[in-house]
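Beneath this line is the structure, given in structure tokens, with notes to follow.
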Amino acid sequence: MIDPLSVFLLLLSASTPILFAALGELIAERAGILNLGVEGMMITGALAGFAAAYATGNPFIGFLVAALAGAAISLLYTVLTQVFLANQVASGLALTLFGLGLAAMFGKPFEGVKAPPMPDGPFGINWIVWLGLLMVPVIWWFLNRTRRGLILRAVGENHEAAHALGYDVRLTRTAAIAFGGAMAGIGGAFISIATVLQWTEGMTAGAGWIALAIVVFSSWTAFGVLAGAWLFGGVTVLQLRLQAAEVDVPVQLLSMAPYLATIIVLVLISARQTYSRKAGGAAPGSLGNNFHALR
Amino acid sequence: MQRRTLLASASAILMALAVPAMAQDEPLKVGFIYVGPVGDGGWTFQHDQARQAVEAEYGDRVETTFIESVPEGADAERALTQLALAGNKLIFATSFGFMDPVMNVAAKFPDVKFEHATGYKQAENVATYDARFYEGRAVTGTIAGHMTKSNKIGYIGSFPIPEVIQGINSSYIHAKKVNPDVEMKVVWAYSWFDPAKEADAASALLAEGVDVILQHTDSTAPLAKAQEAGAIGFGQASDMAAFKPSPRVASIIDEWSPYYIKRVGQMLDGTWESGASWAGIGEGEVVIGEITDAVPAEVKAEAEALRDKIGAGKYHPFTGPLNKADGSEWLAEGETAPDSDLQSMNFFVEGITAQIPQ
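Protein chains in written order, with my numbering: chain A, 68 to 362; chain B, 5 to 362.
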């Protein structure tokens, strides 16, 4: 028999990296930034965090450094898209490729060494898992109940109107990109510091892309991101548990389920846009478009 | 004659004169495609070590290049074509999933020789090579059978292909031999290298009460999870020494250098021929890493004795009587498994209750 509580505990830690990365990307996308560089920022965080945790012996310093490193590498994307107004999709892909290569190069000295052990938080659940869960209501509150959150959404929905009202579009977006980078960095570091305890090249193995899918699945809401992360993480954990318990299930079907769910959500969103006047739940209006004040 | 054409024709003549002379000195170009990054600390790392051993052995006479992290599938064909067009005369494709791409590209470049790891399709210019990993699995299975307290051992499989199924069967048979109560749980990760997923797979096994984890995936993530839970595991493909003395109590190391050096040498003196190589502990291609003190001395001695017996060719890990999981007879008393049975192995042996996904 499979004990649901143990599945839930596994699900919590399995979904943490993608939860962090997706929450960060959510903020960026709500500000109108489509940053496909999540994978690159995650791997940067995974390496920088691991290196710092290894050097200092303190995993929490590792996570702090991971956040800073993720934010730092996202600056590159900021310069490309906010200063030189480069295409966001191409810049994001470049950031992913660059991050993967950079981390592989600087990671060589850290191969084969082990991270310091991570102390458990309350209920035997990792502190960073708790932090991730806490970030969900915080981000919901920020987006819906604070002035800065509303400005950020205004910038994402219609940057020209926001600009006309006197809000600094580029500054808002720069901050949103940096936040996204920091969150992706923490998510990546969770894999290297808390899950695998070692640095290996390419260790994020596509988690950044799943995070991007989750943001779409969530229809750009914080609790939707949590649901998406749990769905993706939960299906992974559940199908492995079912296998270990020798329950005969088609593994391929289960692995496919989250992607199928994403497609269904996308269809539902576009149906709602077509058949109802309400704009809620749709993508931010200026998503993926660059802004220039003189245009 | 214009100066430009004069220069062009002069250089063309020089080139033509130079080519025969250079053919002697020009190094043999050898290409490699890897399925993972060279820094994976496992499978690909070991292949790259062997590539470096080839360079060290032949020095200026060879020139090697590699392309890492090549996905199995259509992209592999592109990478292979690229290597062939770049003048590589011998190309090593180091993963099972490169099989059909290798066959396709080899047909287009009859002058280029290909070496495909762990596959079963050969051609005039395509040889295959593999290691008898199941010999090493017999040794780790013996240790696992002795070490488990819950009598449940877990196996993280990558893909349900013969190479992996051999390993599962061999581990189980030898664990069972020393511990008749042992049970084997199998989880398929459907990846050779995905640390996060491998960690989840290990957690799933641990939650089922498993206390010894064997893995046929390439990252150290399962060892990290085993350590957290107080379980043990084994290094896979490379030594994974960072996890000594426990949870990593022993390891199976792939040592490709002897084969790579031999085959490149045959290219250099023109005696290369297609074929299928399948070497094991005896030839030094499968190496058992240090068995640590976390294992009781008598278990260690037993494991090493088994290793030496297999290495000397006195014992075959698949020796009858053995039945298939469905109860039908596979090997009679004293009979050993023919290679053809192993290379197409698609069944578990009797006693393993898990199903092989179809």
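We treat Cβ as the ideally placed atom computed from N, Cα and C, and that holds for glycine.
Kindly list, in the order they appear in chain A, the residues whose Cβ is closer than 7 angstroms to that of residue i.
{"i": "alanine 205 of chain B", "result": "Leu307"}
{"i": "glutamate 212 of chain B", "result": "Ala311, Ala312"}
{"i": "leucine 209 of chain B", "result": "Ala311"}
{"i": "threonine 69 of chain B", "result": "Per Cβ cutoff of 7 angstroms: no residues; threonine 69 of chain B is ~17 angstroms from chain A at best."}
{"i": "alanine 235 of chain B", "result": "Result: empty, since nearest Cβ-Cβ is about 13 angstroms, beyond 7 angstroms."}
{"i": "serine 73 of chain B", "result": "Gly269"}
Between which two residues does the alpha helix (DSSP H) holding residue i run?
{"i": "phenylalanine 290 of chain A", "result": "289-311"}
{"i": "aspartate 134 of chain B", "result": "No alpha helix (DSSP H) holds aspartate 134 of chain B; the beta strand (DSSP E) holding it covers 130-135."}
{"i": "valine 58 of chain B", "result": "47-62"}
{"i": "leucine 163 of chain A", "result": "For clarity, residue 163 of chain A is threonine in the given sequence; the question names leucine instead. Here the alpha helix (DSSP H) through threonine 163 of chain A covers 155-174."}
{"i": "leucine 232 of chain A", "result": "That residue, leucine 232 of chain A, is in no alpha helix (DSSP H); it is neither H nor E in DSSP."}
{"i": "tryptophan 207 of chain A", "result": "194-212"}
Tell me the DSSP secondary structure of residue i in three-state form.
{"i": "methionine 270 of chain A", "result": "coil"}
{"i": "phenylalanine 96 of chain B", "result": "strand"}
{"i": "asparagine 357 of chain A", "result": "coil"}
{"i": "leucine 32 of chain B", "result": "strand"}
{"i": "alanine 27 of chain B", "result": "For alanine 27 of chain B, the predicted structure reports a pLDDT of 47, less than 50, and the residue's modelled location is therefore unreliable. A value from the coordinates is still provided. Three-state result, alanine 27 of chain B: helix."}
{"i": "methionine 19 of chain B", "result": "Caution is warranted here: a pLDDT of 49 is assigned to methionine 19 of chain B, below 50, making its placement in the model unreliable, and the coordinate value is therefore given only provisionally. Looking at methionine 19 of chain B - three-state DSSP - the assignment turns out to be helix."}
{"i": "isoleucine 85 of chain A", "result": "helix"}
{"i": "lysine 112 of chain B", "result": "helix"}
{"i": "threonine 111 of chain A", "result": "helix"}
{"i": "valine 291 of chain B", "result": "strand"}
{"i": "valine 180 of chain A", "result": "coil"}
{"i": "methionine 5 of chain B", "result": "In this prediction, methionine 5 of chain B scores a pLDDT of 46, lower than 50, which makes its location untrustworthy; no coordinate-derived value is stated."}
{"i": "alanine 83 of chain B", "result": "helix"}
{"i": "lysine 313 of chain B", "result": "helix"}
{"i": "phenylalanine 70 of chain B", "result": "strand"}
{"i": "phenylalanine 352 of chain B", "result": "coil"}
{"i": "glycine 3 of chain B", "result": "In the structure as shown, chain B starts at 5 and stops at 362, and residue 3 of chain B therefore has no counterpart that could be examined."}
{"i": "glycine 275 of chain A", "result": "helix"}
{"i": "tyrosine 159 of chain B", "result": "strand"}
{"i": "glycine 40 of chain B", "result": "coil"}
{"i": "isoleucine 100 of chain A", "result": "coil"}
Applying a beta-carbon distance threshold of less than 8 angstroms, which residues of chain A neighbour residue i?
{"i": "valine 191 of chain B", "result": "Leu307, Gln310, Ala311"}
{"i": "alanine 246 of chain B", "result": "Gly179, Val180, Lys181, Gln265"}
Would you please state the rounded distance, in angstroms, between the beta carbons of residue i and residue j? I believe it to be under 8 angstroms.
{"i": "alanine 254 of chain B", "j": "isoleucine 285 of chain B", "result": "Their Cβ separation, rounded to whole angstroms, is 13 angstroms, which puts alanine 254 of chain B and isoleucine 285 of chain B out of contact at 8 angstroms."}
{"i": "alanine 153 of chain A", "j": "leucine 209 of chain B", "result": "Contact flag wrong, Cβ pair sits at about 46 angstroms."}
{"i": "glutamate 202 of chain B", "j": "alanine 193 of chain B", "result": "6 angstroms"}
{"i": "glutamine 265 of chain A", "j": "alanine 182 of chain A", "result": "7 angstroms"}
{"i": "tryptophan 297 of chain A", "j": "glutamate 106 of chain A", "result": "That belief does not hold up - the Cβ atoms of tryptophan 297 of chain A and glutamate 106 of chain A are roughly 21 angstroms apart, past 8 angstroms."}
{"i": "leucine 93 of chain A", "j": "valine 236 of chain A", "result": "19 angstroms between Cβ atoms; not a contact."}
{"i": "glycine 279 of chain B", "j": "alanine 131 of chain B", "result": "5 angstroms"}
{"i": "isoleucine 37 of chain B", "j": "phenylalanine 102 of chain B", "result": "7 angstroms"}
For residue i, which residues in chain B fall below 7 angstroms Cβ to Cβ?
{"i": "glutamate 268 of chain A", "result": "Pro41, Gly43, Asp44"}
{"i": "valine 263 of chain A", "result": "Pro199, Ala203, Ser223, Thr224, Ala225, Ala228"}
{"i": "glutamate 178 of chain A", "result": "Gly43, Gly45"}
{"i": "threonine 241 of chain A", "result": "Chain B residues near threonine 241 of chain A: none, gap ~30 angstroms exceeds 7 angstroms."}
Which chain B residues sit within Cβ distance under 9 angstroms of residue i?
{"i": "proline 84 of chain A", "result": "Ala200"}
{"i": "valine 318 of chain A", "result": "Trp192, Tyr194, Pro361"}
{"i": "alanine 81 of chain A", "result": "Ala200, Lys201, Ala203, Asp204, Ser207"}
The beta strand (DSSP E) spanning residue i covers which residue range?
{"i": "leucine 218 of chain B", "result": "216-219"}
{"i": "valine 190 of chain B", "result": "187-192"}
{"i": "serine 281 of chain B", "result": "280-283"}
{"i": "glutamate 119 of chain B", "result": "117-121"}
{"i": "threonine 65 of chain B", "result": "A quick correction: the sequence has arginine, not threonine, at residue 65 of chain B. Run containing arginine 65 of chain B: none; DSSP gives neither H nor E here."}
{"i": "isoleucine 257 of chain B", "result": "252-258"}
For chain E, is any of its Cβ atoms less than 8 angstroms away from the one on residue i?
{"i": "alanine 80 of chain B", "result": "Looking at the structure shown, chain E is missing, and the protein chains on hand are A and B."}
For a contact meaning CB atoms closer than 8 angstroms, what does residue i contact in chain B?
{"i": "leucine 169 of chain A", "result": "Going along chain B, no residue has its Cβ under 8 angstroms from leucine 169 of chain A, so there is no contact; the nearest lies around 13 angstroms."}
{"i": "leucine 298 of chain A", "result": "The contacting residues do not exist; leucine 298 of chain A stays about 15 angstroms from chain B at best."}
{"i": "threonine 303 of chain A", "result": "Lys201, Asp204"}
{"i": "glycine 174 of chain A", "result": "Gly43"}
{"i": "alanine 272 of chain A", "result": "Ser195, Phe197, Asp198, Pro199, Ala200, Lys201"}
{"i": "leucine 279 of chain A", "result": "Correct list: empty, because the minimum Cβ distance to chain B is about 16 angstroms."}
{"i": "leucine 160 of chain A", "result": "Neighbours of leucine 160 of chain A on chain B: none; closest Cβ ~16 angstroms, over 8 angstroms."}
{"i": "leucine 77 of chain A", "result": "Asp204, Ser207, Ala208, Ala211"}
{"i": "isoleucine 258 of chain A", "result": "Pro199, Ala200"}
Answer yes or no: the CB of residue i versus the heavy atoms of the ligand FMN, is any distance below 7 angstroms?
{"i": "methionine 271 of chain B", "result": "As presented, the structure is devoid of all ligands, the ligand FMN included, so that no description of it is given."}
Name the chain A residues that come within less than 9 angstroms of residue i, Cβ to Cβ?
{"i": "threonine 357 of chain B", "result": "Glu313"}
Touching by the beta-carbon criterion (3+ pairs, under 8 angstroms), the segment 147-157 of chain B and the segment 121-128 of chain B: no
The segment 244-254 of chain A touching the segment 323-335 of chain A, judged by at least three CB pairs closer than 8 angstroms: Here the segment 244-254 of chain A makes no contact with the segment 323-335 of chain A; the two share fewer than three CB pairs at distances below 8 angstroms.
contact_flag[the segment 283-303 of chain A, the segment 215-226 of chain B] where n(CB pairs < 8 angstroms) is 3 or more: Counting Cβ pairs under 8 angstroms, fewer than three are found: no touch.
contact_flag[the segment 231-244 of chain B, the segment 263-275 of chain B] where n(CB pairs < 8 angstroms) is 3 or more: no
The segment 152-165 of chain B contacting the segment 307-326 of chain B, beta-carbon criterion three pairs below 8 angstroms: No, because fewer than three Cβ pairs between the segment 152-165 of chain B and the segment 307-326 of chain B fall closer than 8 angstroms, the two stretches do not touch.
Touch test, the segment 127-139 of chain A against the segment 106-117 of chain A, Cβ-Cβ under 8 angstroms, three pairs minimum: Taking a cut-off of 8 angstroms for Cβ pairs, the segment 127-139 of chain A and the segment 106-117 of chain A touch, as three or more such pairs fall below it.
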